[in-house]
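From first to last, the protein sequence lines stand for chains R and H.
According to my numbering, the first sequence is numbered sequentially starting from 77.
According to my numbering, the second sequence is numbered sequentially starting from 1187.
Ideal placement from N, C-alpha and C gives every residue a C-beta, glycine not left out.
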Amino acid sequence: MNLNHILAWLPADQRRPLLHRLLIVWAVALPIALATWMGHQSDGQPHHFDVSLVYSYAISTCIWVFTDVSRFVFKRLLHAQGPFYWPPALRASVMLLVGVPAGYVLGTLVGDAYAGWSTWDLWHFNPNRFAGMVVTSVAISAAFVAFFYQRAKAESLASQVTQSQLMLLQSQLEPHMLFNTLAHLRALIGHDTERALAMLDHMNDYLRTTLHASRQPLQPLGEEFSRLHDYLSLMAIRMGPRLVFELDLPPALAATLVPSFILQPLVENAIRHGLEPVVAGGRIEVQASADGTQLHLTVRDNGCGISELALAETSRPSAHGGDSPHASWGLTHVRERLHGQYGVRASMDINSVPTGGTCVVLTLPSEKPIAA
Amino acid sequence: MNTAATALIAEDEALLAHTLQCELSALWPALRVLATASDGLSAVQLALQHRPDVLFFDIRMPGQSGLEAAAELAEEWPEHHAFPLLVFVTAYDQYALAAFDAQAVDYVLKPVRADRLAQTVARLQNALHQRQPGPNTSEQLDPVLSQLRALLRASNDAAKPEAPLQLLQASVGNQLRMVPVADVLHLEAADKYVRVFTADGAEVLLRTPLKELMQRLDPQVFWQIHRGSVVRATAIESVTREESGRLSLRLKGLPTRLGVSRLYAHLFKAM
C-alpha cells in the first residue's frame, strides 16, 4: 500500500494546504506552551517546561486532527458537494462542537500520561482554574477555526472569480470564429493582400481589446462598441453581403461604464442563431440610448427569430448548472451578470420581432465614469 | 473507374470554397468539381442533380448543417446509384470531431493544410478505385447510414443540456396553449416550426425548430422516423413494408400513414 493509497480520502490539491495549517498550529502552540509555563511559575505550582510543551502540542494537534483532517474524511463519507473549504454549515458546527472537546480531552490525556498526574483532579480542588483552562483552549481553537475559514473562503472566492473570467474569455475568443478567420486570412494572403491586411488589423484590435477587457469588470461603452465594430467587420468580411450591421452610439454615452462584454454575447447570438441559419443572411443593429439615469442597450436582428422554447427557457431563472453549450447560454449569462452587478436595477427583455428576428433590450443604471 | 472522379463542395464562405477547389485541383488534377453550394439546402439539390463521387461538406452552413444535409441526401439518394464518399470540413467543432473519429468519417480542418488534404485525397482515390461499379446495393449504403445515424446522435447529445421537457407552451393568437408532453403522439417539422399532434386529436403549431425540440425530449419515448417526423414509440400501431421497399407506419388514433426513412428503418425489426 503506497502513500497515495493511504491518503485517498484527501484530495491531492488539499494535501499541501493541510500540512501548511498543521505547521501554523504548531508554530502557535510554542508561545502557548511558553505562556502556560510562565503562568504556572508565577502561581506557585511550578512544573518543567517540557510538560507545558507536551500539553500544548498534544492538545493543539488533537484538535487539529478532529476539526481539520476530519472534515475531509466526513466530506468523503457523506459525498458532500460544493466548495471544499467547509462542509455544509450545520454539519460543520456539529463537527466543531464534537471535535474541539474530543481533541481537548485526548490531548490532555496524552499530556497527563507524560506528566504522570491527572488534570481531571483539578476539577475537584480548583474548579475555577480548570474552567479557565477549558475556556482558553476553546477560545484558541475558535480563533484558529475562524482564521482558517476566512482564509479558505477568500482563496475559494478568488479561484471562482478567476474561473469565471477564464470562461468569459474563452467564450469571447470562440475557437470556431478564430479558426474560420484564420482560414480566411490564409486564403486572402495569396491574392488580395489589401483585404488580408484589413482583416489582420481588425483581428489584432479585436484580440487586444478582448484580452484587455477580460481583466476589468467594467469598461467604457465606447470600448465595447469599438470591439463590436472589429468583431462585426471580421464577420462581414467572411459573410460578405449576408451580413449588414449598424452601430449607433451617441458620443455623450461613450464614456459611460458598463460591464465588460455585456453586448458581445448578444451580438454573437444574433449572428450564430439569428443570421447564420438564414441563407440570405440579414442585418444587425446595436444601439445605445439614455433617458435620465437609465441606459438602454438594444441588439436587434432580422434573422430567423428565437424559438418559443428558447424564449420560455431564457425568461426563467437558470436552475441548471449553466455551463452547457446550448442556444441560450449567451443570454442567460448576460442576464446573470447584469443581476450580479446591479440587482433589480437592471433588466433584460427579449422579444420576437413580428416581421422576423429578435430584439434584446438591456436596461441598466447609467454609471458616470470616475473623474480622472 | 474509367471516367474522371467528380466532386461537390458545400461551403458558405465563397473564398474558402474557392481555395479548397484550388488546392484540390493541385493535388488531384483529374478531379472535376461539378458545383459549389453555399448553403445546406442547395448542397442537397446540387448533389442530387449532379450525383458526384465525393462530397466536401462544411459543417456550419446556412439553411441546414453539413450533417443534416448529408442525412437528407442519404434519405433522398436514388437506389441505383452509389452513394458519394463524404468528407466534412470544419473550423472547430469539438463534439463533431470526436464523433468523426469514432465513426471513422473523414474530415479536414480549416485552415486546410495541403499535407492533410493530400492524405484525404489519397484515401478517397483508394476508396473510389476499390468501389464496385454498378447499382447501389443496401450493403453499400448501410455503413454510410449507420455512420450518419451515429453522427446525428452525437451532435444531438452534445447539445443536450437538461432534463426532458414536461410541457410544451405554444402561443395561439393571444393565448398560451399548454400541451403536456405526455399527450403528444406525433411531431412534424413545418419549415422552422413544429406541428404537434396530441392524443385527443388536437393540432398545435409550436414556433420551435424540430431539431431544437428533439434535444429536450426523451429519445426512449420519442423516436425519429424521418428527418421531419417524430413519433411516440408506444403509440405505433403497425409498420408496413410497401412495394417500393420503404416502410411506413400507422399511429393509434391518427388516420395518416407516416413514412419511415432509410436512415431510421433499422428501428423496426422483429424481435
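Interface criterion met: the Cβ of G1249/H is under 8 Å from a Cβ in chain R. The C-alpha of R1218/H is placed about 42 Å away from the C-alpha of T1426/H.
N1342/H carries a helical assignment under DSSP once its states are collapsed to helix, strand and coil. Separation of G298/R and R1309/H (C-alpha to C-alpha, rounded to the nearest whole angstrom) is 52 Å. In terms of Cα proximity to L1435/H, the closest of I1411/H, E1429/H, A1456/H, H1452/H is I1411/H.
In the three-state scheme derived from DSSP, where H, G and I count as helix and E and B as strand, N204/R is classed as helix.
Between G419/R and chain H, the shortest Cβ-Cβ separation is not below 8 Å. Leaving aside the five residues that flank F321/R on each side, the residues in its chain whose CB is nearer than 6 Å to its CB run, in chain order, L308, I360. In this structure, Q1352/H sits near V1367/H, with a CB-CB distance shorter than 8 Å. With a cutoff of 8 Å on beta-carbon distance, V1298/H and E1209/H are scored as near each other.
Look at the beta carbons and you see the region 332-350 of chain R not touching the region 1211-1231 of chain H: under three pairs across the two are nearer than 8 Å. Rounded to whole angstroms, A366/R and S423/R show a C-alpha spacing of 14 Å. Burial state of M253/R is buried, judged by a 10 Å Cβ sphere holding 16 or more other Cβ atoms. Where C1208/H is concerned, the enclosing alpha helix (DSSP H) starts and stops at 1200-1213. Between E1197/H and D1239/H, the C-beta spacing is not below 8 Å. Those residues of the region 1219-1248 of chain H placed with their C-beta closer than 9 Å to a C-beta in chain R are S1224, D1225, G1226, L1227, S1228, R1246, M1247, P1248, ordered along the chain.
Distance from the Cα of L1392/H is smallest, within the candidate group V214/R, L385/R, P441/R, for L385/R. Put simply, the region 1254-1262 of chain H touches the region 1228-1242 of chain H. At least three CB pairs are less than 8 Å apart. Taken through DSSP and simplified to helix, strand or coil, G183/R comes out as helix.
Taking the C-beta atoms as reference points, A1200/H is found no nearer than 8 Å to A259/R. Taking 8 Å as the cut-off, the beta carbon of L1234/H is found no closer than this to the beta carbon of L1271/H. For the pair P1350/H and S383/R, the CB atoms are not nearer than the 8 Å cut-off. Cβ neighbours of L1362/H within its own chain (closer than 7 Å, five residues either side excluded): Q1355. Note on the region 306-389 of chain R: whole beta strand (DSSP E) runs with a minimum of 3 residues are 319-324, 333-335, 358-367, 370-377, in chain order. If the five residues before and after P441/R are omitted, its C-beta is found closer than 8 Å to the C-beta atoms of T369, Q370, L371, Y418, R421, A422, all from its own chain and listed in chain order. Distance check between P327/R and each of P296/R, R318/R, V343/R, G350/R places P296/R closest, using alpha-carbon atoms only.
Between A1193/H and L1232/H a beta carbon distance of about 11 Å is seen, past the 8 Å cut, so the two are scored as non-contacting.
Apart from sequence neighbours up to five positions away, the residues of its chain that approach Y1379/H with a beta-carbon distance below 8 Å are L1391, L1392, R1393, T1394, P1395, ordered along the chain. The region 95-110 of chain R and the region 135-142 of chain R touch, with no fewer than 3 CB-CB distances between them shorter than 8 Å. Taking a Cβ-Cβ cut-off of 8 Å, V320/R has no neighbours in chain H, whose nearest Cβ is about 15 Å from it. Residues of the region 251-264 of chain R that bring their beta carbon within less than 9 Å of a beta carbon in chain H comprise P251, H252, M253, L254, F255, N256, T257, L258, A259, H260, L261, R262, A263, L264, in sequence order.
Shown here for V1407/H: same chain residues with a beta carbon closer than 7 Å to its own, the five before and five after excluded, namely R1418, A1419 in chain order.
Within chain H, no residue has its CB atom less than 9 Å from the CB of C138/R, the nearest being about 47 Å off. Residue state for N1360/H is assigned as coil, using DSSP reduced to three classes. Boundaries of the beta strand (DSSP E) around R1427/H: 1422-1427. For the C-beta of A388/R, the chain H residues within less than 7 Å are, from N- to C-terminus, Q1355.
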